[in-house]
Each structure stands twice: as C-alpha cells, then as structure tokens.
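One structure is given below, encoded as structure tokens.
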Ligand SMILES: Cc1cc2nc3c(=O)[nH]c(=O)nc-3n(C[C@H](O)[C@H](O)[C@H](O)COP(=O)(O)OP(=O)(O)OC[C@H]3O[C@@H](n4cnc5c(N)ncnc54)[C@H](O)[C@@H]3O)c2cc1C
Ligand code: SF4
Ligand code: FES
Ligand code: FES
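Protein chains in written order, with our numbering: chain A, 18 to 607; chain B, -6 to 128.
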C-alpha cells in the first residue's frame, strides 16, 4: 500500500493502481472517453488529463493509465488541467464535430467551436476501445487499425462491410464505442439462426422466462463469447457471490423411485410443411406459440403486438386447424386451438385497434364457459369467416398497402371466394407428439395410440393409468388437451400415487408361476428364461423355486418346463386346454 | 355351404389382446373365424396348445404377441418366435401344412392391423381347405 494526495485528500491504494481508480475511491470524478472498465487502458483521448507533482517536478499525465506511486500529489481540476483538457477537446471536436458525447463534454469546458477544422461526418476518435474489446475481451480478432497518419482508421478484415465470417455479431464493439461510431447491421437476422423461437435479440445470459423454476439466469453456450472464443468472462467478474460457472455440464442423476408420472407434453406442428401459408418465408406469419410469447407481458415485446418493422398491425388473420383435422398430417382435432384463437382475438382487441379475422372450419367451444366466451368475443367485433384458408400471399399493390399479406379463402357461409388483407397472420398449428415420444415410450414401456400419443390403460375407466403398474400419464403426452383438463388428469394421477404411498404396500396380481417340487427334475431350463430372475435353484432340494414377489406371471417358464412341473395360476395348462376344447366344441373333434 | 375355417388365436394380454379390443371399440370389422384365447404373454404359449387346437378341430392357429422389443415381459415374444420355427417343422411331420400356423405382432394401438392379420390368416386357411387329421 502507498499513500498519495488527490486534490488535497489523502488516499491509500496498491502501488501501480491507475490514478483514475484512486480518484474514484475518493469519489472524485475525472472525465473519460476511451476508458472502459475491464479493458486495458490505452490513453488515446487524453481528456482524463491530470497534473502530477512529485517534489519540484510537475507533469501532465493521463489518469486512466498513470500508475500511482508513493507520496505524489495529484490535481484533477486546476487551471492547468482544465486548459489541457480544453485543448484536447478542441482537437477532438475538430475531427468529430457532430458527435453528441464530444460536443457535450467540450461544452462543459467552454469549447463550442474548434480552430482545427470541422467534420460533421467523422465519428471515430481512434481510441481503439473497440479493437481492444474485440481482440482482448471477445477474442474474435475482427477489428483492427489500418493505414497510418491521417488515413488511420478502424477496419473489418479486408475492409469488407460488416459481413465477415469471423464476426460473431456480439455487438460488444458498438457497446463500448464512446462516440457511437459503430452500428451493428442486421443483428436480428444473424440471431435468427439460433434454433429457438426467434422474436427478438436475446442476451447470452438471461433468465429463461419469468415463471422459470428455479428462477436463475442461464448461459446460452451458442451466444456466450466466453464459450465461443474463450474471451470476455465479464459476468464472472461482476458477479459478487461468484455464482458463475462456465464449466458446468449436464449431469445424469440416478434416483430410486417407486412410481412415475409421465407428463412430457407436446410439440407444435411445424407449419412450414404447409408451404401455402408462408410460415418461415413471409415476414409476419407467426406460429401460435410465437404469438403467445409476443402477447406475454414479460415476453420480447413486453406484451405489445408488433409486426417485424415494429409497427402495430392494422389487421390480423388467425387461421385455425393448421395440420389438425387434415388427413395429410394429423387426423385428430388439437382441441385447444379454437379457444386460444378466441383468446388471441380478445387480447388483440384489448391492446390494439387492429381488425381480427378468424378463419375456421368449425368453432369448437367445448368447455365450461367457453361458448359464452365465444359470444363475448363476437360482441367485441371480431370477424369470423367459416372456411379453411387456402393460402397466404404477399400483396404487392400500391405503396400505401405495401407489405400487406393476403389471406385467400372460401367463405362457405356466403359461398364466395375472399381475399382478406392483413398485416400479420397467426397459424394455429397442431399439437403433436414430441419428436422423442417413441424413445420416451420405450424407456417406460408405454404403448402409443395410432395418433402417436401415449396410450392410457382405459379411455373411460382409467384415463391416467398405463398398462404398467406405478406409471401414470398426465397432460398432452396422452393427447391434446387444455390446461384445466391437464390439471384434472395430473391431480388424479397424483392422488393415485399418494394413495399408493399412504397404503405402504403393493397389491400384486394373483397371476404367478409355481413349481411342483415333486415333479421338478432339477434341469434348470427355467432358471435363465425368467426375465425377472425370479427363479433360483435350491441346491439342497435340487429343485427350482419361484420367488413369488419377483414373478410377474408372464408364463414363459411354464411353457418351457419339460417336466410340466410349473403351473401358471390363472392360466394353467388345464384351463387353457379347456378353453381350446370349449371354443372348438362345434368342430366336433374331427 | 362355403367352407368357413375355424381358427384359434392365442393373444398376449398386453398388446395383441388389447389391440383386438381396440378394433372392437373402434367398430372395425374382423372375421369371426378367429376365436381368441388370452394368455399373459406370447412366451406362455406352449407348443402343445397349438397341437391341441389342431387336434380339437381347428383349421388354423394364430399366435400374436407384441412387436419385437415391446414385450411387456421384455423377451417373451422372442421365445415365442423360437418355438414357432421349431413348431412349423414338427407340424409338417404330423402332416399339417405349416402355413396353417401363423405368428404375428400386433400392438395395443393397432386395431386396423388386427383386422388385417385376421383377414390374412382366414383367407390363407380358406385356400388350404379344411384340415383332416388322421388318427
Ligand atoms: C399456442 C397455444 C396456446 C395455448 N393457450 C392455452 C390457453 O389459453 N388455455 C389453456 O387451457 N390451454 C392452452 N394451451 C394448451 C396448453 O399449452 C396445454 O394444455 C398444456 O401446456 C399442457 O401441459 P403439459 O404439462 O401436458 O405439457 P407442456 O406444457 O408441454 O409441458 C411438458 C414439459 O415436459 C418437458 N419434457 C418434455 N420431454 C421431456 C423429457 N423427455 N424429459 C424431461 N422433461 C421433458 C417439457 O420441456 C415441458 O416443460 C395452448 C397451447 C398452445 C399451443
Ligand atoms: S411366470 Fe414369468 S416371471 Fe414368473 S417365474 Fe415364470 S418366467 Fe419368471
Ligand atoms: S480516458 Fe484516459 S485517455 Fe481516454
Ligand atoms: S406380453 Fe405381448 S408378447 Fe409378451
């Protein structure tokens, strides 16, 4: 530790601390342009000039990089300092005459005009913050200085406009630039390549959504500079509890459980398969899930309905049954779309002045209070057109309507073909089984119904059970359903699970194999056949024995026993023979 | 009167029997020639059941389990498959055309497939004609 005085105040700092930091400790403000916390100082702008006095020697130095030494005296705002700053600012103003940050700072020191020239276009003061950010912090090494003397400037490789392959579009350079000389173009399009739902730029570290459990930020490894280039690491620097861990990996945790509730939900049909609706090709054609996210008050637009150019749409078309009730994709009705489409209409009416058009085949308002909600939405002035929309196209007429979309459909109630101009289209894409539904099904030995969803034990009498004891279903993994139905099924399943836990013991089906000791010859054929390893060999008695709790009653061993020593209760040989005789009684035993 | 084959079907409880049930619940028609007997698993089907069925006057026998990999008891259907190949040879020695025995997989979700399979074996056995077993 060393001691120095700044503007008459004594302060203690580590040797080598830049004067700027030492002054901050005393809450003394020194103006800066090219200084950025965390980036190596470079002293380019020189507006942080201060005067250092050691003994009889006086010097003007830049506070951002001048190291503190013992016993010096620093003046940050005396007349000599102010004069030096004025001169520096006048020179900067001569180069970048219309940059607000420089103009404001210069004005503070009474500089309104520069004797060194006037350039309204130039914005770069050549401080190199962006270059150091890009190479030292981000480690992408895109930006560098080129040329020398008056032609010196910051360039991208080969001076190609922005579009270099090495730029990862992190935007850090634009963020640190003190004069706003850097703009990031088309950042949105590049971020769109991130495979998740895209509605606007997202930071590399964020809380996934407001209701997330646990509600903690996570790092998107595809966007994180640290993970992409090894640079940055700023979040770890600023996080005081040191909670940032870049090395965290997915872990596999093994748990011993007695019962399992499968609630893996659904995915939404990829509407780009139906090219006629332009999803993925036309701007402002959204899937319902994207629109849902847009309406969310904690979503990317804060709940405002906006087209891609940031304007409120004049009209919105909502098209029902995309991929549902369609023999080419899914025959079934997705059940929830009609109602959420009405919800959308209601919210759009509430938040905008847009016209809303619903294109539907049948309006399925099936639940408690749903038909009433439908009537209410109609009263709010929502237009409903009965007829499946045929296509969505770009309308290219006249300037005033430019960018409009056209929904073409047959209005089956008036028997006419219609073209409805809108600014935004929402596609109510089907609820479908997850891509990994089959794999998940195999893990839990679950059957699937022809539509691909998991099969319940009985459609009416056991809608949450499965053929496997202790494995239950809830929600859309069993079939499309809305939240009330999901909750009802889930609560039912939870109650069943709790009942089992409360009972503390498990009832087993009485179907079991047993071995007649007197008949068993001890051949051990059955021992390795049992898939549950329920058969062991009794070395004393020299016979095979079935463990009744392990046996599931499949009967494989019964069929295989060469001595006929094993019987399967409920399905004994005698019972089955009698059944055969019974059902062939009319054959007359030819 | 046209020949109506009598076919005994051995169905495992978890897939094929449920699949046949689904065919019924879905109002899918399937030939009444197939008369099902439920066993817990296709692995329980003792070859003597099949022989017994032929002796009692069946013209054909259908054995149906879960698809490979889907057996409720993991591998019962593989055991059924092994026995099936052996059994076909034995049947031939008894003078029974091996095609009168059919092994198939029908899952709990395949009501349609159950109807197809039963039609197939019915047609197959109809072509082979009635089975006359000599004593
Ligand atoms: C656009 C849209 C709007 C809707 N609006 C409404 C509405 O207003 N009102 C309403 O009642 N219903 C609405 N619904 C329906 C509602 O979304 C569903 O009823 C509900 O989400 C079903 O809940 P779930 O738990 O079954 O499935 P999900 O909500 O899909 O939850 C399943 C969860 O399981 C996780 N998961 C999946 N696979 C695995 C795995 N292998 N391992 C671990 N976890 C896994 C998923 O990540 C997910 O978190 C809407 C649906 C859509 C598409
Ligand atoms: S019936 Fe199945 S589970 Fe039971 S002992 Fe025999 S093979 Fe094992
Ligand atoms: S801030 Fe110190 S020279 Fe620019
Ligand atoms: S349970 Fe169907 S074949 Fe084993």
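Ideal Cβ positions, reconstructed from N, Cα and C, are used throughout, including at glycine.
| query | result |
| --- | --- |
| Closest Cβ-Cβ distance between residue 68 of chain B and chain A: below 8 Å? | yes |
| Please report the residue range of the beta strand (DSSP E) in which residue 24 of chain A lies. | It is not in any beta strand (DSSP E) - residue 24 of chain A carries neither H nor E in the DSSP assignment. |
| At a CB-CB cut-off below 8 Å, which residues of chain A make contact with residue 32 of chain B? | 572, 588, 593 |
| Looking only at C-alpha atoms, which of A/175, A/566, A/258, A/44 sits nearest to residue 550 of chain A? | A/566 |
| Three-state secondary structure (DSSP) at residue 36 of chain A? | helix |
| Of all the options A/561, A/570, A/467, A/588, which has the alpha carbon lying nearest to the alpha carbon of residue 579 of chain A? | A/561 |
| Excluding the 5 residues flanking residue -3 of chain B on each side, which residues of the same chain have their C-beta closer than 7 Å to its C-beta? | 26 |
| Could you check whether the Cβ of residue 54 of chain B sits closer than 7 Å to any heavy atom belonging to ligand 1? | no |
| By the 9 Å beta-carbon criterion, what residues does the stretch 79 to 90 of chain B contribute toward chain A? | none |
| Could you pull out every residue in the same chain whose Cβ sits closer than 6 Å to the Cβ of residue 114 of chain A, ignoring the five residues on either side in sequence? | 135, 136, 137 |
| Here's a check: name, in chain order, each residue in its chain whose Cβ is nearer than 6 Å to the Cβ of residue 388 of chain A, leaving out the five neighbours to either side. | 382 |
| Would DSSP call residue 400 of chain A helix, strand or coil? | strand |
| Mapping DSSP to helix, strand and coil, what is residue 73 of chain A? | coil |
| Whose Cβ in chain B lies nearer than 7 Å to the Cβ of residue 569 of chain A? | 66 |
| Which residues in chain A sit within 8 Å of residue 1 of chain B, going by Cβ to Cβ distance? | 597, 600, 601 |
| Can you tell me the Cα-Cα spacing of residue 81 of chain B and residue 44 of chain B, whole angstroms? | 11 Å |
| Beta-carbon separation of residue 530 of chain A and residue 494 of chain A under 8 Å? | no |
| Since residue 77 of chain B and residue 548 of chain A should fall inside the 8 Å C-beta cutoff, what is the C-beta to C-beta distance between them, to a whole number of angstroms? | Their Cβ separation, rounded to whole angstroms, is 19 Å, which puts residue 77 of chain B and residue 548 of chain A out of contact at 8 Å. |
| In chain order, what residues of the same chain lie with their CB nearer than 6 Å to the CB of residue 342 of chain A, ignoring the 5 residues before and after it? | 350 |
| Since residue 119 of chain A and residue 200 of chain A are thought to touch, with beta carbons under 8 Å apart, how far apart are those beta carbons, to the nearest angstrom? | The pair is not a contact, with the Cβ atoms about 18 Å apart (cut-off 8 Å). |
| Taking only heavy atoms of ligand 1 into account, decide whether any of them is closer than 7 Å to the Cβ of residue 355 of chain A. | no |
| Where does residue 372 of chain A land, buried or exposed, given buried means 16+ other C-beta within 10 angstroms? | buried |
| Any beta carbon of chain A sitting closer than 8 Å to that of residue 72 of chain B? | yes |
| Going by other Cβ atoms of all chains shown within 10 Å of its Cβ, with 16 needed for buried, is residue 112 of chain A buried or exposed? | buried |
| Run down chain B in chain order and give the residues with a C-beta less than 8 Å from the C-beta of residue 484 of chain A. | 7, 11, 65, 101 |
| For residue 117 of chain B and residue 125 of chain B, I'd like the C-alpha separation in whole angstroms. | 16 Å |
| List the residues of chain B that residue 536 of chain A touches, going by C-beta distances under 8 Å, in chain order. | Within chain B, no residue comes near residue 536 of chain A; the closest Cβ sits about 15 Å away, beyond 8 Å. |
| With 8 Å set as the bound, which would you pick, yes or no: does the beta-carbon of residue 109 of chain B sit closer than that to a beta-carbon of chain A? | no |
| Kindly list the residues whose CB is nearer than 7 Å to the CB of residue 245 of chain A, restricted to its own chain and excluding five residues on each side of it in sequence; keep chain order. | 185 |
| Say whether chain A places a C-beta atom closer than 8 Å to the C-beta of residue 36 of chain B. | yes |
| Using a C-beta to C-beta distance shorter than 8 Å, which residues of chain B count as neighbours of residue 528 of chain A? | 33 |
| How big is the Cα-Cα spacing for residue 52 of chain B and residue 29 of chain B? | 14 Å |
| How big is the Cα-Cα spacing for residue 611 of chain A and residue 116 of chain A? | Given a span of 18 to 607 for chain A in the structure shown, any question on residue 611 of chain A remains unanswerable. |
| Considering residue 246 of chain A, what are the terminal residues of the alpha helix (DSSP H) in which it resides? | 242 to 246 |
| By a C-beta neighbour count over all protein chains shown, 10 Å radius and 16 as the cutoff for buried, is residue 415 of chain A buried or exposed? | In this prediction, residue 415 of chain A has a pLDDT of 46, which is less than 50 and means its spatial position is unreliable; what the coordinates show is noted afterwards. That one is exposed. |
| Mind listing the chain B neighbours of residue 320 of chain A? Cutoff is C-beta to C-beta under 8 Å, in chain order. | The premise fails here: residue 320 of chain A is roughly 42 Å from chain B at the closest Cβ pair, so nothing lies under 8 Å. |
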